[in-house]
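Encoded as structure tokens, the structure appears first; notes follow it.
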Amino acid sequence: MDNQLYIKDVVTLTYDETKCTGCGMCAIVCPHRVFKLVNNKASIVNRDKCMECGACVINCSENAIFVKKGVGCAAAVINGLLNNTEASCGCGCSSN
Ligand code: SF4
Ligand code: SF4
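Every number in this note's numbering is 129 more than the matching position in the sequence shown, counting from 1.
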């Protein structure tokens, strides 16, 4: 699962580095290690692994992150169909 890539280049994740205080919460809560702290700033290192769960957005007190929550569920379903595997977005929706 950790090697799962969602559909490339359609992830809605955006991040404003100027607002980041380097608290590291986004790196801690992200289940796919999309964020990493580099020189006390968050950095997106695995953008295509983002499943758009919204955990980083909720936990960023500086509102530095935006993601269109829930799109990742649809992407997981489509990805599952394309790969002929069971879709699983990890959020508990009906695609599991
Ligand atoms: S949670 Fe927000 S403020 Fe904290 S490191 Fe991540 S982007 Fe920066
Ligand atoms: S939306 Fe979820 S998967 Fe994407 S970067 Fe944030 S915590 Fe990670």
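Ideal Cβ positions, reconstructed from N, Cα and C, are used throughout, including at glycine.
Any non-hydrogen atom of ligand 1 within 7 Å of residue i CB
{"i": "residue 191", "result": "yes"}
{"i": "residue 187", "result": "no"}
{"i": "residue 149", "result": "yes"}
{"i": "residue 164", "result": "yes"}
{"i": "residue 159", "result": "no"}
Straight-line Cα distance separating residue j from residue i
{"i": "residue 164", "j": "residue 198", "result": "17 Å"}
{"i": "residue 182", "j": "residue 147", "result": "23 Å"}
{"i": "residue 150", "j": "residue 187", "result": "15 Å"}
{"i": "residue 157", "j": "residue 139", "result": "23 Å"}
{"i": "residue 141", "j": "residue 161", "result": "15 Å"}
{"i": "residue 143", "j": "residue 169", "result": "18 Å"}
{"i": "residue 185", "j": "residue 191", "result": "11 Å"}
{"i": "residue 154", "j": "residue 194", "result": "11 Å"}
Residue i CB to nearest heavy atom of ligand 2 below 7 Å
{"i": "residue 152", "result": "no"}
{"i": "residue 142", "result": "yes"}
{"i": "residue 184", "result": "yes"}
{"i": "residue 196", "result": "yes"}
Range of the contiguous beta strand (DSSP E) that encloses residue i
{"i": "residue 193", "result": "Note, residue 193: premise wrong, no beta strand (DSSP E); not H, not E."}
Residues that residue i bridges to, as DSSP identifies them
{"i": "residue 173", "result": "164"}
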